[in-house]
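**Q** Taking full-length UniProt numbering, I'd label the letters of the sequence shown as residues 1 to 955.
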Amino acid sequence: EIWTEFLDKDRVEFEVIQLVSSWVKECKVIHCSDGNRRHSLLTDYSTQSIESRILHRLKQYEPSKPPPSIVPLKSPVPAISDDLLNNSNRMVATLENDIRSLVEYARIFSVREANHIAIDCNYIEVLPDLYYNKPVELNLQVPCKSAYKLSHKCSGPAFLVLRFREMTKNSITARKLDANREEYEQVLQESMSPPPIAVCTAAVHIENAITALIKCIREKPLEEREKLPAFESGARLFYQLIAESDDDIRHYPPTKQFFSSCLEILGQEFILDTVDQSQPLLSAMLDKPVLAGLLAPNFNPNNCIEEFVDMYKQVTKLPHEKSDLAFMLLTKFDVARWLKEYKPILSLRSQLTDIIGLALCLCGQEPELQIQMLFEMYRSHLKLLLMNQFPDHYGDVLRLLLLVILYCHVSDEEFFYCLATLLIKETIEWLTNYFKKLRVSTAELARFGLYSKWRPYIKPLSNFFGFLSQTYIVKEAERVISVGMGIEQDVLPHYSHDALSLFWPYYVNVLSHKGIVEHVLRVCHARFVALPWNSFYPRLDAVELMLKLQDGSPTSCFIFLGSMFSQMNWVEITQHYMRNVSPDIATKLHVCLLLLLIMFSREKTIITTNTAMQALIKKSESFQWAYIDSSSYENVVQWLLSNTDPDTILSQRRCMEDKGLSLLRAAAGFAQNVPVNPDTSVKRCSYIRCVVQMICKCSHQKEIKVESFATAIDDMMQDIESVASVAVDTQAMTSELIDLLTEVLNLLNNCASAGRGIEVVERSLVRWIERSPCSVLILPLITAACRTLASLTHMVLIVETCMDSYFNSGMDLSQFGGWSHVTDKLQVPELTHDEFLEECMKQGAYLTLYAYILQRLPLCQSLNDELNILTKIVDWTTAAKPCDVNEAKLLLWWSKAIELCLRQVDYGAPHQYVIRTINNLAPALHVLGEDKTSAGLLGAIGLGRRSSLSLRYAN
């Protein structure tokens, strides 16, 4: 406010009145003079015409200036003329400088990058020599300050010589490092500078040329495009870009992307489906294999009927080091389509057969793994040639086979199998059809038969047919017994090749069809079950056949399988496979065995009446299920979820319905003394996810009592604790525990919202946490809750309960990290950060908020940041509504608030900020210390109800 007593108010009022009077007089004079002048002007204007007044007014302005001259603008990018499009030589010559500009700039980038790397490497090499230990000797005089007695007199100060090694900066090295960083900054500035305008212009010029070429040819029909000069220009530009594409172009991302897109567009428009471009494109890919992946989509050798064989030959000449390139190119040769649509002449097909034979010869007797796919591709192409217009190439293939085996030492197993089964069968069928048609070709043959005409050839024909038939029967018998068994044929016990091994495929393929009536199967099964199945050692294909009986076969067949399955000595069978066969086959056996046992456990007729099956399932929990990989285990879990009532998860452990789940739990790796491999943690997650999904399904069924969820949840938590008890790597264990707990907490996300399912799950989890304060799952559960739970209410409740249980465990937490471990595990959601804090205040999760404060403090970079946190603590204290259960937690806030206030004072913050904070905190503490609440009207006059806080807390 203005201090008016220091002003002369009378003087001010007098001067204002004088100024107003003088202003009024002046206004009157001006008004009169303006009125007279306005009257004279109006009189003059009234005598003039409108045109004269307008011209008079225009003459009073300055004369207008002429318009500026037009300066023609030159386009920075040269135009693409039609003459240039129709002249391929001019097109390539014109764009060559542009391409060179891009290549040169890419080379400059590579040089800069190499220089950058060299500078950094030099910096790393020199940096360790920046400081060294320098010997230093220091003389000190220590005065005498004796207080022994008053009469004591010192003889003088003590002289001390201190010798130590002092850290000293090497000035030469420092100058080298400074020079290195200056050079680094220079290179960095050069690298960050935009490309020259000439490079950008060159790229735009090339793009404009490609666009003009495409627009030019698209104006013509498809059949006329290849005859246009512009089409030749586009093709030549395509190969020019390929020729200029070097390592520098592919290393610099912008030029790599530019060249790739240009080649892709040009290839689609000018190369793909163009007959005379397949051979040049193949040559380009063979010259530059690194571009083959980009150019291959434009390669279509099937368009070139005459050059198809020559191009195939070029591919087969590639060395084995380029087998990937050869395989990729061979996939473009659609031999089946080439034979069917283009119908090449016999000489071309024979030439291709010889080329494939030579390629197979180069593969060797035992093809290496890297060329195995290439070998199979050659075999498939040879088979297509052999079957095309059979038997045109029958003799050629047979001759080729003999020559390859004789001179190239190629394994004859695959060839002989093909010739002795497929080709012999086709030969028999072809001869049969041939003589059938010949039999009815003429009336004479139809009436009198073939004997009269073919009589001279009866003996050689009978010998030939006898040879074919005998060979076919022998090969088929060998295939039934041994073909396809691989290494198992030599390692299984001798009695595994007996009649049972032949009977089982016959039973599955013939007797287990749904068309067979039940009374016939009943009689058969009564006899079959009495066979000595305890001596049956099945091969892998026999075990896989057992899985076929679950779907598509009568139920009695599957029950019979359960009866004979439980008689087999599976302990010895699995041990035999693990000792004598490859791990892949042992894995497949264990996968099939696990799925079959799970199927049997779900079949009530088998599991309730077959005690041997019950014992087998229990014994199988100790099998080596570590052979099963995670994907196969997941398939078993999905089958169980699709074919099992979810309420079985609610049954007590060790009961009849739980045998399948107990086996699945053991196979996941929850059993003791289980070998651990990288797939074990994934399988454990799959099992926990299976249990969680079954509980979620149960929550949607009204007839199920949700109170039984607690048992299943406790069992899951017990299983997860068993994982921590056998873990060796602490970091890996923590990560796995978080993944497992994440699956458990999905119950709160996926259970039915209607009903009491979520409430029971939440209460069960909270009760388990409170009863297990010393569990290793408490801290990982905090991280899992923060990552998983969609509801902030559930998230805050679980996190706060875990912290409360952790600090009330009675253990010496100083040995385990205390609050540092808690803050490491807490992960506040970023997207709902403020809502999370509000929910914590709403639920009274004061430990969670304190952990949040401890997380934020190390991130503070100034006193203002710490002051913001201090203010937040005061605001929370003011808004907090504690009770006797969580009142003690607020002491952590206030201790931290006092500590932050002292830091503000110690480090020079303005005192008024600290005073204001303390003034805000004191009333909040005063309210909490009252024995009666101050809320409401009665509370304001001291008649509020009694405080919910304890007396000890208020004092």
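Don't be surprised by glycine CBs; every beta carbon is placed ideally from N, CA and C.
(1) What would DSSP say about K437, mapped onto helix, strand or coil?
(2) Taking DSSP's pairing of strands, which residues face L160 in a bridge?
(3) Is there contact between the segment 699-706 and the segment 674-681, where contact requires at least three CB pairs shorter than 8 angstroms?
(4) Using CA coordinates, which residue listed in Q277, M373, C363, K332 is at the minimum distance from D324?
(5) Spell out the partners DSSP gives T168 in its beta bridges.
(6) Measuring alpha carbon to alpha carbon, tell me which residue in D287, L650, T793 is nearest T848.
(7) Quick check on DSSP: helix, strand or coil for F623?
(8) Taking buried to mean at least 16 other C-beta atoms within 10 Å of its own C-beta, is W570 buried or exposed?
(9) Classify F415: buried if its beta carbon has 16 or more other beta carbons within 10 angstroms, exposed otherwise.
(10) For the candidate residues E736, S469, N868, I305, whose alpha-carbon lies nearest to that of K337?
(11) Where does the unbroken alpha helix (DSSP H) through Y852 begin, and where does it stop?
(12) In terms of alpha-carbon separation, which member of E96, F623, L281 lies closest to E244?
(13) Out of A790, L797, L549, which has the shortest C-alpha to C-alpha gap to L831?
(14) What are the start and end residues of the alpha helix (DSSP H) that includes F503?
(15) Could you tell me the boundaries of the alpha helix (DSSP H) in which W876 lies?
(16) Does M568 come out as helix, strand or coil in the three-state DSSP assignment?
(17) On the three-state DSSP scale, how would you describe D679?
(18) Just how far apart, CA to CA, sit F327 and M546?
(19) What residue does the alpha helix (DSSP H) around E306 start on, and which one ends it?
(20) Between which two residues does the alpha helix (DSSP H) holding N643 run?
(21) Leaving aside the five residues before and after S772 along the sequence, list all residues of the same chain whose C-beta is less than 6 angstroms from its C-beta, in chain order.
(22) Using only alpha-carbon positions, find the residue among I210, D10, E223 that is nearest to A230.
(23) With H, G and I counted as helix, E and B as strand and the rest as coil, what does DSSP make of I516?
(24) Using the C-alpha atoms, what's the distance from E51 back to R57?
(25) Indicate whether the contact test is met: 3 or more Cβ pairs, each with one atom in the segment 135-143 and one in the segment 97-110, closer than 8 angstroms.
(26) Pick from K383, F448, E444, K453: whose alpha carbon is nearest that of E426?
(27) Under the assumption that C262 contacts I206 (Cβ atoms under 8 angstroms), give the Cβ distance between them as a whole number of angstroms.
(28) Short check: CB of I688 to CB of V744, under 8 angstroms?
(29) Excluding sequence positions up to five away, which residues of its chain have a Cβ less than 8 angstroms from the Cβ of G156?
(30) With distance defined between alpha-carbon atoms, name the residue in H251, S278, L358 nearest to R112.
(31) Within this structure, are the beta carbons of P135 and R165 separated by less than 8 angstroms?
(32) Since E866 contacts R916 with CB under 8 angstroms, what's their CB separation in whole angstroms?
(33) In its own chain, which residues sit with a C-beta less than 7 angstroms from the C-beta of L318, not counting the 5 before and 5 after it?
(34) For the alpha helix (DSSP H) holding C216, just list the boundary residues, first then last.
(35) So is M167 buried or exposed if we call it buried at 16+ other beta carbons inside 10 Å?
(36) Taking the straight line between their C-alpha atoms, what separation do you get for P78 and T94?
**A** The short version:
(1) Three-state DSSP puts K437 in a helix.
(2) L140
(3) no
(4) Nearest neighbour of D324 by Cα position, chosen from Q277, M373, C363, K332, turns out to be M373.
(5) Y132.
(6) T793
(7) DSSP places F623 in coil when its eight states are reduced to three.
(8) buried
(9) Bear in mind that the predicted position of F415 carries a pLDDT of just 43, short of 50, making it too unreliable to give a figure here.
(10) The displayed chain sequence assigns Arg, not Lys, to residue 337. Checking every option, the nearest Cα to that of R337 belongs to I305.
(11) That run of the alpha helix (DSSP H) goes 846-856.
(12) E96
(13) A790
(14) 499-506
(15) 863-879
(16) coil
(17) coil
(18) Going by C-alpha positions, F327 is about 37 angstroms away from M546.
(19) Premise fails: E306 is in no alpha helix (DSSP H) and is neither H nor E.
(20) 630-643
(21) none
(22) I210
(23) I516 carries a coil assignment under DSSP once its states are collapsed to helix, strand and coil.
(24) 10 angstroms
(25) Not touching, per the Cβ criterion.
(26) K383
(27) 7 angstroms
(28) yes
(29) C144
(30) H251
(31) yes
(32) In fact, because the Cβ distance is near 15 angstroms, the residues do not count as touching under 8 angstroms.
(33) L325, A326
(34) 197-218
(35) exposed
(36) 10 angstroms
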